[in-house]
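As structure tokens, the structure follows; a few thoughts come after it.
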Amino acid sequence: MNDIKVAVIMPLSGCNMFCNFCVTDDDFDCVSFEQAVSMLKYVGELGIKNVVFGGGEPFFWPHNIIRLCEKAKELGFIVQTGTNATKLPQGYEKLPCIDRFVIPVESADEKIHNSMRFFPNGHYSVVMDCLKRLRAKAKAVTVSTVVTNSNIAGLEGLADFLRGYDDGHIHAWHLYRFIPKGRGGLMNAAELAPAFDAYASACENIKAMDLPFHVFKRADMYNSKTVEFFRMEKGIIRTSAEFSK
Ligand code: SF4
Numbered sequence: 004m005n006d007i008k009v010a011v012i013m014p015l016s017g018c019n020m021f022c023n024f025c026v027t028d029d030d031f032d033c034v035s036f037e038q039a040v041s042m043l044k045y046v047g048e049l050g051i052k053n054v055v056f057g058g059g060e061p062f063f064w065p066h067n068i069i070r071l072c073e074k075a076k077e078l079g080f081i082v083q084t085g086t087n088a089t090k091l092p093q094g095y096e097k098l099p100c101i102d103r104f105v106i107p108v109e110s111a112d113e114k115i116h117n118s119m120r121f122f123p124n125g126h127y128s129v130v131m132d133c134l135k136r137l138r139a140k141a142k143a144v145t146v147s148t149v150v151t152n153s154n155i156a157g158l159e160g161l162a163d164f165l166r167g168y169d170d171g172h173i174h175a176w177h178l179y180r181f182i183p184k185g186r187g188g189l190m191n192a193a194e195l196a197p198a199f200d201a202y203a204s205a206c207e208n209i210k211a212m213d214l215p216f217h218v219f220k221r222a223d224m225y226n227s228k229t230v231e232f233f234r235m236e237k238g239i240i241r242t243s244a245e246f247s248k
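Laid out in structure tokens, this is it:
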């Protein structure tokens, strides 16, 4: 664990959306507030200083994710939330307990984004509104994109869009390779999985664009040298190599 810089803590698997590539399993614990704090302390003891609350959808967690972010700040962490942006409370862009929001943008093409992320009346407009609000308050953003056969051809267009948005507020852009796991990924693998070479070459093209923020190629998110995932299964903290699925 010595090289791990970022802990993704997953307090629940539940979500109010369905994305056709979703890598999350349905069957790990929705932890209590006290269990979530014990997870924070556990990763702190491992020397990790940077946490991302993920899931599932962390703002769908029934035990107050903002209170948990405040607790994480109190414990000295840099705090991020990885959210689909559909359940953010009023004034979220000004919350001092969240240092960065991790926001998913799959494509600069609204139809393609919405075809990957199902949400009543469309998810793209929710994300665009969120990005606008965060930029207005100079809140830092990490953008995440899951690269599938649906959006791979439009990645350079998305890069151009993000370059226009940036204005110094994008901390990084993560290009995740689709993984055939979880409640969406498993059932849609045949349709969505790009060949590794196609994914690698798309990422190289993006890196060659010399964007004004870091671009990370995440070929296997669950096998990273610097990021580890933590969730509870039957009350026991598990890392990604120990996940039951
Ligand atoms: S990928 Fe979609 S369905 Fe899965 S947790 Fe994120 S928002 Fe929810």
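The C-terminal residue of the sequence shown carries number 248 in the working numbering, and the numbering is unbroken. Glycine included, each C-beta is placed from N, C-alpha and C at the ideal position.
Here glycine 185 has Cys25, Val26, Thr27 and Asp28 as same chain residues with Cβ atoms under 7 Å from its own Cβ, once five neighbours each way along the sequence are excluded. In the displayed model, glutamate 231 falls within a strand according to three-state DSSP. When beta bridges are read from the DSSP output, lysine 220 appears opposite Leu178. By the beta-carbon neighbour count (other beta carbons within 10 angstroms, threshold 16), proline 61 is buried. For ligand 1, a non-hydrogen atom lies closer than 8 Å to the CB of valine 26. Note: glycine 85 is bridge-paired with Val105 in the DSSP secondary-structure output. Not one heavy atom of ligand 1 lies closer than 8 Å to the C-beta of glycine 125. Residue pairing by DSSP places asparagine 53 opposite Val9 and Ile81 in a beta bridge.
Remark: the shortest separation between the CB of methionine 131 and any heavy atom of ligand 1 does not fall under 8 Å. DSSP, read as helix, strand or coil, puts valine 26 in coil. Inclusion of cysteine 22 in the 8 Å shell around ligand 1 follows from its C-beta lying nearer than that to a non-hydrogen atom of the ligand. Bridge pairing for serine 147: Pro107 and His177 [DSSP].
Nearest to alanine 205 by C-alpha distance, out of Leu189, Met20, Arg180 and Leu137, is Arg180.
C-alpha of valine 230 to C-alpha of phenylalanine 122: approximately 29 Å in a straight line. Looking at the DSSP output, isoleucine 240 sits in a beta bridge with Met235.
The C-beta separation of methionine 119 from asparagine 23 comes to about 6 Å, placing the pair in contact by the 8 Å criterion.
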